[in-house]
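Letter by letter, the sequence shown follows residues 795 to 861 in this note's numbering. Notes to accompany the following structure.
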Amino acid sequence: MIALVALVLSGLAVIVVTATVIGVTESRQSGAWRRIAAERRRSWERRQRQLHGGHHEVDAWGDEDTD
């Protein structure tokens with residue numbers, strides 16, 4: 795019975811240590827991931843402007859509620 799309790803407690807300790815290591819690692823790399831996301835967004839926006847020819851006027855025809 796004591797061995798089972800020790801096994802469960804050691805399993806919980808492994809989970810806590812793993813979560814702590816992952817949290818610290820992610821917090822250190824969050825700036826790099828934000829820079830990558832910003833670069834990807836700028837690239838995507840540039841491609842969208844090239845594909846669709848820049849800024850388009852939005853047709854507000856469906857915005858009027860005339861019921």
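A virtual CB, placed ideally from N, CA and C, is assigned to each residue, including glycine.
Spanning the alpha carbons of valine 802 and glycine 817 requires a straight line of approximately 23 Å. As the crow flies, the alpha-carbon of valine 811 is around 10 Å from that of serine 804. Residues of the same chain with a CB within less than 6 Å of the CB of leucine 845, apart from the 5 flanking positions on each side, do not exist.
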